[in-house]
Amino acid sequence: MKMSRLMNETVREAPSVTEVKGHELLLRAGFVRQVAAGVFSYLHLGQRALQKLEAIMRQEMDALGGQEIKMPLVHPAALWQASGRWYEIDAELGRLVDRNGRSLTLALSHEETLAELARQEIRSYRQLPQLAYHIQTKWRDDPRPRAGLIRSREFTMLDSYSLDADDAGLAAQYQAHYDAYFRIFARCGLPVLAVEADVGMMGGTQADEFMYLTPIGEDTLLLCDGCGYRANRQVATFRKPETGGDTQAMQFVAELVVGEEKLERVVTAVLAHHSQLNETKLVHLLDAQRLRPTADQATDLWLVDDGVTGWSGQVDKVADIAAAQDGDACTSCGQPLRTVRAVEVANIFKLGTRYSRTMGVTFVDAHGVAQPIVMGSYGIGVTRLLACLAEQHHDAAGLVWPVAIAPYQVHLLALRGGLETAVSLYNDLQQAGIDVLFDDREERPGVKFNDADLIGLPLRLTLSQRSLAAGGVEVKIRGDGETAVVPLNDLLNHVTAWLAEQ
RNA sequence: CGGGGCAUGGCGCAGUUUGGUAGCGCGCUUCGUUCGGGUCGAAGAGGUCGUCGGUUCAAAUCCGGCUGCCCCGACCA
Numbered sequence: 001m002k003m004s005r006l007m008n009e010t011v012r013e014a015p016s017v018t019e020v021k022g023h024e025l026l027l028r029a030g031f032v033r034q035v036a037a038g039v040f041s042y043l044h045l046g047q048r049a050l051q052k053l054e055a056i057m058r059q060e061m062d063a064l065g066g067q068e069i070k071m072p073l074v075h076p077a078a079l080w081q082a083s084g085r086w087y088e089i090d091a092e093l094g095r096l097v098d099r100n101g102r103s104l105t106l107a108l109s110h111e112e113t114l115a116e117l118a119r120q121e122i123r124s125y126r127q128l129p130q131l132a133y134h135i136q137t138k139w140r141d142d143p144r145p146r147a148g149l150i151r152s153r154e155f156t157m158l159d160s161y162s163l164d165a166d167d168a169g170l171a172a173q174y175q176a177h178y179d180a181y182f183r184i185f186a187r188c189g190l191p192v193l194a195v196e197a198d199v200g201m202m203g204g205t206q207a208d209e210f211m212y213l214t215p216i217g218e219d220t221l222l223l224c225d226g227c228g229y230r231a232n233r234q235v236a237t238f239r240k241p242e243t244g245g246d247t248q249a250m251q252f253v254a255e256l257v258v259g260e261e262k263l264e265r266v267v268t269a270v271l272a273h274h275s276q277l278n279e280t281k282l283v284h285l286l287d288a289q290r291l292r293p294t295a296d297q298a299t300d301l302w303l304v305d306d307g308v309t310g311w312s313g314q315v316d317k318v319a320d321i322a323a324a325q326d327g328d329a330c331t332s333c334g335q336p337l338r339t340v341r342a343v344e345v346a347n348i349f350k351l352g353t354r355y356s357r358t359m360g361v362t363f364v365d366a367h368g369v370a371q372p373i374v375m376g377s378y379g380i381g382v383t384r385l386l387a388c389l390a391e392q393h394h395d396a397a398g399l400v401w402p403v404a405i406a407p408y409q410v411h412l413l414a415l416r417g418g419l420e421t422a423v424s425l426y427n428d429l430q431q432a433g434i435d436v437l438f439d440d441r442e443e444r445p446g447v448k449f450n451d452a453d454l455i456g457l458p459l460r461l462t463l464s465q466r467s468l469a470a471g472g473v474e475v476k477i478r479g480d481g482e483t484a485v486v487p488l489n490d491l492l493n494h495v496t497a498w499l500a501e502q
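Following this line, the structure appears as structure tokens:
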């Protein structure tokens with residue numbers, strides 16, 4: 001691609017809307033443009049990088065025996081009503097009505113659609129197991145998009161869905177995805193940590209989240225250096241310390257959804273004085289949809305944390321409802337837990353029969369008996385991954401893409417006296433199958449160098465009178481700044497060999 | 001949804017306190033100059049000051065409604 005034809009203006013100053021470095025650089029280098037809050041266009045370089053990410057994901061999913069499919073962005077409300085999520089999920093679900101008055105939803109996720117597909121296609125245990133995946137746009141009307149692509153409302157996900165006859169089959173596919181996801185992140189160049197997680201709005205029985213550790217993350221993790229325990233704060237357990245008997249009480253209205261009905265119960269939570277409430281634990285205990293604080297109402301249910309001693313008031317239930325904090329003791333080994341911030345880039349769920357039971361997705365087993373299909377769902381936030389990669393791979397001058405995901409592999413710069421040679425080199429490189437971004441613009445050297453640093457392609461090739469006088473092409477590695485002059489007739493080999501090493 | 005902030009040319013900002021009809025830097029166009037780290041000079045183009053209404057002889061500036069965007073919290077892949 002010639003830069004003279006690229007609709008890709010780089011900007012020198014940081015746009016005022018950016019708060020995190022990765023977002024700033026993606027905007028300045030011309031990878032993305034914001035269209036509305038949490039909604040983005042991907043310019044050519046951004047789209048290329050996304051395609052690289054998606055190619056890696058396809059390879060790894062195909063290697064698991066996955067079949068790529070594509071499910072729609074718009075779903076009939078009936079599917080979501082059947083699973084119950086139409087009623088359970090509030091304003092995050094994009095709802096619309098078509099010209100004939102039919103209710104539709106925008107794809108917040110695709111469990112319902114896949115379950116419906118399975119209901120139509122799967123009859124017998126002989127057709128199981130199955131693995132289908134797709135890469136598709138999602139809409140979640142997040143109450144507060146932030147940090148660019150890290151938390152947007154419209155985003156792209158890789159979703160994989162497994163269908164099995166039993167829990168053992170699910171466990172195998174779950175483990176296969178667990179391993180495959182690590183391979184995907186390793187190939188993309190993003191360090192991640194898998195942690196125990198809440199199942200959240202997906203439902204199901206078990207979940208792990210793949211976390212990119214960064215101070216700009218909005219999840220808090222608890223890690224144990226003693227035994228390796230690691231969990232999202234939402235589910236993290238810890239040894240309750242001895243307390244002096246001081247307690248605190250907090251009152252909530254718990255909103256429950258039973259079928260299409262909404263119910264409310266007033267709950268008072270009692271905690272040790274120094275504890276913090278873990279609302280996720282409380283929500284699960286109550287089987288509630290959400291909580292909102294209240295005060296001075298007649299309590300329907302008294303919940304006391306299992307770390308409380310000396311509570312003499314009413315008790316309806318004792319359970320773990322406290323949030324683990326930095327320095328709390330690990331449940332299994334007693335070492336102090338530490339907290340870190342992280343961005344969730346992927347998650348995997350054992351859905352079990354949560355969707356197949358509610359939506360009537362069954363198969364006939366070997367004994368001729370209808371059974372609910374056992375499902376798993378596995379997702380990677382593709383656009384969020386791009387944002388994390390920009391966050392992870394940059395320096396003061398700009399982005400520094402790993403070869404595997406760089407929108408182009410080399411950045412060819414033609415300076416004074418080098419244009420003619422550069423043009424023929426551009427053709428040679430492309431014929432050799434190398435992705436080249438060619439800066440053929442009439443700009444001063446400084447502009448080209450700075451843009452090249454900002455865009456951050458792995459190799460920079462400079463052709464000029466000076467380089468030719470020195471013996472050929474200047475080759476500069478973006479990552480470590482190492483430069484060398486390579487003779488023209490050796491360049492193709494040099495570049496190919498270097499790329500192959502990465 | 002609660003709290004805070006912002007909205008002036010493509011981008012970043014000043015001007016608003018104290019009302020008098022819009023300015024700076026970058027970018028863009030043309031010419032010259034320079035040519036390996038965002039050269040230098042000259043001449044240009046480009047703005048219903050988010051929007052609707054009010055006050056006033058006069059509103060970017062004062063008042064009110066609305067919209068959009070950002071940040072903190074709640075929430076969330």
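Quick note: the first sequence, position 9, residue 9 per this note's numbering, numbers continuous.
Each residue gets a CB set at the ideal place from its N, CA and C atoms; glycine is no exception.
Which residue or residues does DSSP assign as beta-bridge partners of residue i?
i              : result
glutamine 67   : Ala132
asparagine 347 : Glu209, Gly379
histidine 394  : Leu399
tyrosine 229   : Paired residues: none, contrary to the question.
glycine 327    : Note: glycine 327 sits in no beta bridge, so no partner.
arginine 157   : Checking the sequence, you will find methionine at residue 157 rather than arginine. Per DSSP, Gln136, Gly381.
glycine 352    : Met375
threonine 18   : Paired residues: none, contrary to the question.
threonine 362  : Pro372
alanine 342    : Leu213, Asp219
proline 458    : BP columns for proline 458 are empty, so no partner.
proline 293    : Phe252
Go to residue i, then tell me how far its beta strand (DSSP E) extends in each direction, as first and last residue.
i             : result
tyrosine 212  : 206–213
glutamate 196 : 193–196
histidine 411 : 410–414
alanine 319   : 317–319
glutamate 88  : That residue, glutamate 88, is in no beta strand (DSSP E); its alpha helix (DSSP H) goes 85–88.
arginine 478  : No beta strand (DSSP E) contains arginine 478, which DSSP labels as neither H nor E.
With 16 other CB atoms within 10 Å as the buried threshold, where does residue i fall?
i              : result
methionine 205 : Before going on, a small fix: residue 205 reads as threonine here, not methionine. Exposed, because fewer than 16 other Cβ atoms sit within 10 Å of the Cβ of threonine 205.
histidine 411  : buried
glycine 500    : Note that residue 500 is alanine in the sequence shown here, rather than glycine. Classification of alanine 500: exposed, given that the 10 Å Cβ count is below 16.
aspartate 159  : buried
threonine 247  : buried
methionine 57  : buried
glutamine 409  : buried
histidine 134  : buried
glutamate 232  : With the sequence shown as reference, residue 232 is identified as asparagine, and glutamate is not the correct amino acid for it. Flag for asparagine 232 reads buried.
Could you please give the first and the last residue of the uninterrupted alpha helix (DSSP H) stretch that includes residue i?
i             : result
proline 445   : 445–455
arginine 187  : 167–188
threonine 105 : Here threonine 105 belongs to no alpha helix (DSSP H); instead the beta strand (DSSP E) covers 103–106.
tyrosine 426  : 419–431
histidine 494 : 488–501
arginine 146  : Where arginine 146 is concerned, there is no enclosing alpha helix (DSSP H), given that its DSSP letter is neither H nor E.
Near residue i, what residues of its chain come up, given a Cβ to Cβ distance below 8 Å and the 5 sequence neighbours on each side ignored?
i              : result
alanine 107    : Met71, Pro72, Leu73, Val74, His75, Thr113, Gln136, Thr137, Lys138, Trp139
tryptophan 401 : Ala49, Leu389, His393, Pro407, Gly456, Leu457, Pro458, Arg478
aspartate 503  : The structure shown has nothing for residue 503, since the chain only spans 1 to 502.
valine 505     : Residue coverage of the chain in this structure runs from 1 to 502, which leaves residue 505 outside it and unanswerable.
Return helix, strand or coil for residue i, following the three-state DSSP convention.
i              : result
glutamine 34   : strand
valine 257     : strand
histidine 274  : coil
lysine 240     : coil
methionine 201 : helix
valine 283     : helix
histidine 75   : strand
alanine 298    : coil
glutamine 248  : strand
arginine 123   : coil
leucine 45     : helix
threonine 113  : helix
alanine 469    : helix
Whose C-beta lies closer than 6 Å to the C-beta of residue i among residues of the same chain, with five residues either side of it excluded?
i             : result
alanine 249   : Thr268, Val270
alanine 452   : His411, Arg460
leucine 93    : Thr105, Leu108
leucine 463   : Ala414, Gly418, Thr421, Ala422, Val473
tyrosine 87   : Val257, Glu260
threonine 243 : Ala272, Thr309
Among residues of its own chain, excluding the 5 on either side of residue i, which ones have a beta-carbon nearer than 7 Å to its beta-carbon?
i             : result
glutamine 173 : Pro129, Leu131, Ser162, Asp164, Gly376
serine 103    : Ala77, Arg95, Val97
glycine 379   : Met157, Leu158, Asp159, Ala346, Asn347
aspartate 428 : Leu492
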